[in-house]
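Trainee: First, the structure itself, so that you have it in front of you.
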Amino acid sequence: MSLDKVSPSAAAAVADIPSGASLAVGGFGLAGIPWFLIEALLEQGADDLEIVSNNCGVDGAGLGLLLEARRISKVIASYIGENKEFGRQFLAGEVTVELTPQGTLAERMRSGGSGIGAFFTPTGIGTLVAEGGLPWRYNADGTVALTSSPKDVRTIAGKEMVLEESIVTDYALIRAAVVDKAGNCRFHSAARNFNPPAAMAGRITIVEAERIVEVGGLAPDDVHLPGIFVQRIVELTPEQAARKSIEQRTTRKRIR
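Under this note's numbering, the first residue of the sequence shown carries the number 132, and numbering increases by one thereafter.
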């Protein structure tokens with residue numbers, strides 16, 4: 132495989148993503164989301180997408196754009212968040228939502244990328260996560276159309292644990308601060324959230340890079356994600372790299 136994985140543009144990098152594809156998408160809220168890959172996919176036109184991400188963006192930004200355009204049919208996420216349209220579509224029966232505990236979701240992606248088929252965890256024991264019956268889809272009249280099934284529960288080392296299946300997706304979209312041409316990635320601060328496990332879960336992983344360096348330009352200890360997990364790289368302009376919106380801003384008076 133070539134050590135130069137740089138694509139000419141975001142549009143070219145996502146051009147072959149078909150309708151019906153599954154995608155793992157990095158980020159938490161708006162921190163570390165692949166802004167420009169999402170927008171390129173919106174322009175590309177693929178629909179009936181299954182998204183695996185911590186959440187589904189916010190109204191008017193990130194994955195919220197694909198949701199508003201009715202391009203997403205299913206979301207596997209850990210929370211609805213403050214995306215009002217996401218909540219509305221879920222309750223109206225317009226999208227299927229598989230809510231998963233946050234740490235479990237991260238591990239489902241990481242283990243999928245590691246070739247592990249499933250794993251046991253105590254998270255969810257004694258709840259609908261393990262027992263089944265968690266609403267996944269509603270009818271238009273508000274009744275429940277689809278629920279989760281009960282999961283295998285076993286006692287391991289004296290503790291009850293539930294079996295969770297790993298996740299592997301067709302594609303993954305992520306964002307990184309520095310990427311070398313072989314795909315080795317370094318993430319900055321909070322952007323090192325769901326980006327590494329999302330990248331691992333994708334069969335074809337596309338990263339938008341705030342800066343690209345030559346192979347060897349990253350010290351080994353600075354590599355947060357090995358290039359083996361990355362197939363395509365899109366270089367952002369300095370203006371694009373500086374785009375980092377804040378989902379919520381909370382301030383208080385300075386104490387002098």
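Idealized CB from N, CA, C, for every residue including glycine. Quantities reported herein were computed from a predicted structural model and do not represent experimental measurements.
CB T381 to CB A332, shorter than 8 angstroms?
Mentor: No, Cβ-Cβ distance for T381 and A332 is not below 8 angstroms.
Trainee: Which residue comes first and which comes last in the beta strand (DSSP E) that contains K205?
Mentor: I203 to A208 is the span of the beta strand (DSSP E), which, as asked, contains K205.
Trainee: Count the CB pairs spanning the segment 296-311 and the segment 239-249 that are closer than 8 angstroms, and state whether there are at least three.
Mentor: They touch, by the three-pair rule.
Trainee: What does the alpha-carbon distance come out to for the pair G257 and G314?
Mentor: Between G257 and G314, the C-alpha separation is close to 42 angstroms.
Trainee: Output the distance between the C-alpha atoms of S165 and G255, rounded to the nearest integer angstrom.
Mentor: In the sequence under discussion, the amino acid at residue 165 is Pro, which differs from the Ser named in the question. Near 30 angstroms, if we compare the C-alpha coordinates of G255 and P165.
Trainee: Candidates N185, R219 and E225: which alpha carbon is nearest R202's?
Mentor: Nearest C-alpha to R202: E225.
Trainee: Alpha helix (DSSP H) containing R363: first to last residue?
Mentor: No alpha helix (DSSP H) contains R363, which is instead part of the beta strand (DSSP E) from R363 to E366.
Trainee: Please list the segments of the alpha helix (DSSP H) lying wholly inside the segment 251-337, counting only runs of 4 or more residues, in order along the chain.
Mentor: Listed in chain order, they are 259-262 and 326-332.
Trainee: Consult DSSP for E199 and reduce its assignment to one of helix, strand or coil.
Mentor: E199 falls in the helix class under three-state DSSP.
Trainee: Put S242 into one of helix, strand or coil per three-state DSSP.
Mentor: Three-state DSSP puts S242 in a helix.
Trainee: Suppose contacts are defined by Cβ-Cβ distances below 8 angstroms. Is L194 in contact with I169 by that definition?
Mentor: Their beta carbons are under 8 angstroms apart, which means L194 touches I169 by this criterion.
Trainee: I'd like the span of the beta strand (DSSP E) that includes E370, first residue to last.
Mentor: Careful: E370 lies outside any beta strand (DSSP E), inside the alpha helix (DSSP H) at P369 to A372.
Trainee: Tell me whether K312 is buried or exposed, calling it buried when 16 or more other Cβ atoms sit within 10 Å of its Cβ.
Mentor: K312 should be labelled buried.
Trainee: Going by beta-carbon coordinates alone, are S184 and F325 separated by less than 8 angstroms?
Mentor: Yes, these two residues count as a Cβ contact at 8 angstroms.
Trainee: By alpha-carbon positions, which one of R306, S320, A307 and L222 ends up nearest to G273?
Mentor: Selected option, being the one with the closest Cα: L222.
Trainee: At which residues does the alpha helix (DSSP H) containing L168 begin and terminate?
Mentor: From DSSP, the alpha helix (DSSP H) with L168 extends over W166 to Q175.
Trainee: What is the DSSP secondary structure of I182, reduced to helix, strand or coil?
Mentor: If DSSP states are grouped into helix, strand and coil, I182 belongs with the strands.
Trainee: Judging by CA-CA distance, which residue of Q233, R241, A271 and M240 is the nearest neighbour of V260?
Mentor: The residue with the shortest Cα to Cα distance from V260 is Q233.
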